[in-house]
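Sequence order for the protein chains is A and H.
Quick note: the first sequence uses the working numbering, first residue 117, plus one each step.
Quick note: the second sequence uses the working numbering, first residue 117, plus one each step.
What follows is a single structure, written as structure tokens, with notes after it.
2 protein chains.
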Amino acid sequence: MAVYTDISDDDLTAFVAGYGIGEVLSCKGIAEGVENSNFLLVTEQGSFILTLYEKRVDANDLPFFLGLTEHLSARGIPCPTPVHALNGEVLRELSGRPAAIVTFLTGMWPKRIQNHHCAELGRAMAEMHVTGADFELSRPNALSVESWRPLLEACEGRGDDVLPGITAALNAELDVLESEWPRDLPSGVIHADLFPDNVFFRGEHLSGLIDFYFACNDQFAYDLGICLNAWCFERDGSFNATKARKMLRAYRKVRELSDAEVQALPLLARGAAMRFLLTRLYDWLNTPENALVTPKNPLEYYDKLRFHQAVTGPGAYGLD
Amino acid sequence: MAVYTDISDDDLTAFVAGYGIGEVLSCKGIAEGVENSNFLLVTEQGSFILTLYEKRVDANDLPFFLGLTEHLSARGIPCPTPVHALNGEVLRELSGRPAAIVTFLTGMWPKRIQNHHCAELGRAMAEMHVTGADFELSRPNALSVESWRPLLEACEGRGDDVLPGITAALNAELDVLESEWPRDLPSGVIHADLFPDNVFFRGEHLSGLIDFYFACNDQFAYDLGICLNAWCFERDGSFNATKARKMLRAYRKVRELSDAEVQALPLLARGAAMRFLLTRLYDWLNTPENALVTPKNPLEYYDKLRFHQAVTGPGAYGLD
């Protein structure tokens, strides 16, 4: 649930008047997203998304996020495009927050993942990787391998309150990840948070990628590792190799994977599981009881981590 | 924040196919309203509101609410009109809940109440009262004077944890309200919850009345009592008689008030303050700490009640 900031009518009217998009007809808070306040803004010219950036997003990163989506959408990737104000700016201020208006994308995120969703995701992710290659700004991945042990330490051993023994197990896993993590795989801009609720479909066709607020420069195949975790496990916890194969095959039709990338997939998938496990564990242990956002259960990602630990090679992901 | 129920894509597609409104382009949960789950539904034919009725609404009342808004909007009152499915129904089922699609109203509710808002409100309320007169269904007001003492008793004296002495003070006030409550004032369909967030404006013009889920048959002037409380107090707790006069004058241009109605206003305003004070107090004492909805502070309405208790006559509301 994500509306942290109320906007006064007068402020909104004055803000929107700074764009050439007509009079405000409606503005409703959207109950999606957890980082920012999002509103569905209807003006005489159509529908838009108005975002107020809350404290969890570093304002210094906003030019990267907004520039990236403008770069991508200008080159055919279906993602929200920032609307320029009459003075040329895309990042302005509203109700004391950095704020932007972006284009509205049709489509809905899939609540029940089917094979064809994974194929479309793989294709679109590869197209995004290729298209982002010549984007001029860069942003390091603040949630890559170096950040994981400090995150675990910040949990102060209280992970064992959730599952006895998990702190030691994760420390041992970090030993492996830190020593074996690849450094030289093809790199560029990755989305880094391509969960199903950030991918819109119209029927069987992918219609939008949203929420680029974790986008960064990193190894492309790490994005695949994240999506193997986010899209290819069934609700009962079992891994669906058919979905993984569909995703990877569609990806490779657009951007071929090197042998090194293919061989690294199991380790990248372990790292991706660790990254989401740790942020969820930290949030689980540190969310006040009366918070608006319910924290996600970290143990789902511990089960996924253990699956990838047991994998003997990339064949487990449906690769030949 | 109000999305209590998730809808699967397949269920939504099948549901919307039952209407002649084209393919679903988008469906986003709205972070407004506290009783039901509301979604902004965009189809090839435009924007709609999709509502899933949750447990707090009695399903037996839904034909009254949907029939009333259809009756009113057909006669020019700007309120959501239920869309008929191809089979003629307006009330169907989705994700195990009663569900309806209603038309989308433009406009925004006023965060900062100004005098002109109160005038427009008075006019629209009177038009709604007049227009609802020949609506054929009826629904008793479940939150009228008979319900208040049981509500106070359900608080089990714990109101004194919020403010020492309040239980005795409210019992004494109920003695007055129960013995003096008017019974013979002109009656018909009232909205009974016309708070600012249920009234949309475009610029200075009222563009919509929404959320009829407390609408019922009761004395018209009780709706005025509710709005004296909801619209005419400033944030510092002071009563703004100019706002009250604007509201009442605009109302009387459409529907004249009898002498008995005018004389009853102070008592009706006390009753309205009591009604919202008691439901807020009950919710305050009974909301689990991890609830999605933050309960509203009941003491705001205790201060309003005490203002009306001290009033010596309807002149306090700006009437001549």
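We treat Cβ as the ideally placed atom computed from N, Cα and C, and that holds for glycine.
I need the straight-line Cα distance from residue i to residue j, nearest angstrom please.
i	j	result
D419 (chain A)	N345 (chain A)	10 Å
G212 (chain A)	L301 (chain H)	49 Å
L430 (chain H)	Q379 (chain H)	According to the sequence as given, residue 430 (chain H) is Pro; it is not Leu. Going by the C-alpha atoms only, they are around 6 Å apart.
Y135 (chain H)	I217 (chain H)	9 Å
T219 (chain H)	E186 (chain H)	10 Å
M117 (chain A)	L168 (chain A)	Below a pLDDT of 50, predicted positions are generally treated as unreliable, and M117 (chain A), at 40, falls in that range; no measurement from the model is reported.
G387 (chain H)	L381 (chain H)	10 Å
A215 (chain H)	H424 (chain H)	40 Å
V206 (chain A)	S303 (chain A)	27 Å
L310 (chain A)	L210 (chain H)	28 Å
S124 (chain A)	S142 (chain A)	13 Å
E296 (chain A)	C332 (chain A)	21 Å
M244 (chain H)	L415 (chain H)	31 Å
A308 (chain H)	L202 (chain H)	32 Å
K144 (chain H)	L221 (chain A)	11 Å
D291 (chain A)	R265 (chain A)	9 Å
V427 (chain A)	P256 (chain A)	29 Å
E151 (chain A)	E170 (chain A)	7 Å
Any chance the CB of residue i is under 6 Å from a heavy atom of the ligand SAH?
i	result
L393 (chain H)	Here there are no bound small molecules, and the ligand SAH is not part of this structure.
For residue i, does the three-state DSSP call read helix, strand or coil?
i	result
V132 (chain A)	helix
K412 (chain A)	coil
K420 (chain A)	helix
F180 (chain A)	helix
G275 (chain H)	helix
M117 (chain A)	Residue placement at M117 (chain A) cannot be trusted, given a pLDDT of 40 that sits under 50; what the coordinates show is reported in the next sentence. The answer is coil: DSSP assigns M117 (chain A) none of H, G, I, E or B.
D127 (chain A)	helix
T283 (chain A)	helix
C348 (chain H)	coil
P430 (chain H)	helix
G353 (chain H)	coil
C195 (chain H)	coil
L310 (chain A)	coil
P266 (chain H)	helix
L435 (chain A)	coil
V140 (chain H)	strand
L325 (chain H)	strand
T185 (chain H)	helix
D122 (chain H)	coil
T479 (chain A)	Residue 479 (chain A) is absent from the structure shown; chain A starts at 117 and stops at 436.
T159 (chain A)	strand
V292 (chain H)	helix
V378 (chain A)	helix
E236 (chain A)	helix
In chain H, which residues lie less than 9 Å from residue i when you measure between Cβ atoms?
i	result
C143 (chain A)	M224
I146 (chain A)	K144, G145, I146, A147 and L156
What residues from chain A crowd round residue i, counting only those whose CB sits closer than 8 Å?
i	result
K227 (chain H)	D122, I123, S124 and D125
Per DSSP, which one or two residues make a beta bridge with residue i?
i	result
V206 (chain A)	Answer is none; V206 (chain A) lacks a bridge partner.
Q335 (chain H)	H:S303
M224 (chain A)	A:F317
R213 (chain H)	H:L210
T167 (chain H)	H:N154 and H:A216
P256 (chain H)	H:N333
I146 (chain A)	H:I146
T247 (chain H)	DSSP output for T247 (chain H) lists no bridge partner at all.
Using 7 Å as the threshold, is the C-beta distance between residue i and residue j below it?
i	j	result
F316 (chain H)	G223 (chain H)	yes
D327 (chain A)	I306 (chain A)	no
A337 (chain A)	L384 (chain A)	yes
L166 (chain A)	E236 (chain A)	no
A242 (chain H)	V370 (chain H)	yes
C348 (chain H)	N356 (chain H)	yes
L253 (chain A)	F181 (chain A)	no
V173 (chain H)	Y329 (chain H)	yes
T247 (chain H)	L188 (chain H)	yes
Y433 (chain H)	A360 (chain H)	yes
P280 (chain H)	P226 (chain H)	no
R274 (chain A)	L401 (chain A)	yes
F131 (chain A)	L184 (chain A)	no
H200 (chain H)	E320 (chain H)	no
Using the beta-carbon of each residue, which ones in chain A are nearer than 9 Å to residue i?
i	result
V199 (chain H)	What V199 (chain H) touches in chain A: nothing, since even the nearest Cβ is about 18 Å away.
V378 (chain H)	Those do not exist, as V378 (chain H) stays about 32 Å from chain A at its closest Cβ, beyond 9 Å.
V173 (chain H)	Simply none; closest approach about 19 Å.
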